[in-house]
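Reading through the structure tokens given below for one structure.
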Amino acid sequence: MENPIVQSKTDLIHWINKLDDLEVIAELLELKEKRATADTLSESQTEYLAKDDFDERFSRGLNSGESREKTREFISKLSWGK
53 MENPIVQSKT DLIHWINKLD DLEVIAELLE LKEKRATADT LSESQTEYLA
103 KDDFDERFSR GLNSGESREK TREFISKLSW GK
């Protein structure tokens, strides 16, 4: 049984090969660029793409106690030369 996606892709390829309308080709290229840009965004960028709410992001950060604990852990793992 053939994969319907493969058949759809084949149909699109044939349609694009026969296409002579520059406006439609330009729209397809725009869509391709938008998709390529969307695929390169990291998760953190996509999370804040719609709205940039600093207070909400700040509240999800470390508090001072957690920050101190992480700093102590980091310093204790450093290889201090004796």
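Our numbering applies: residue 53 is where the sequence shown begins, and numbers increase by one. Note that CB positions come from ideal geometry on N, CA and C, so glycine has one too. Quick caveat, the model's predicted, so the values are computed rather than measured.
For the 8 Å CB-CB criterion, Ile-77 and Leu-71 form a contact. Secondary structure at Gly-113: coil, using DSSP grouped into helix, strand and coil.
C-alpha of Ile-127 to C-alpha of Ser-119: approximately 12 Å in a straight line.
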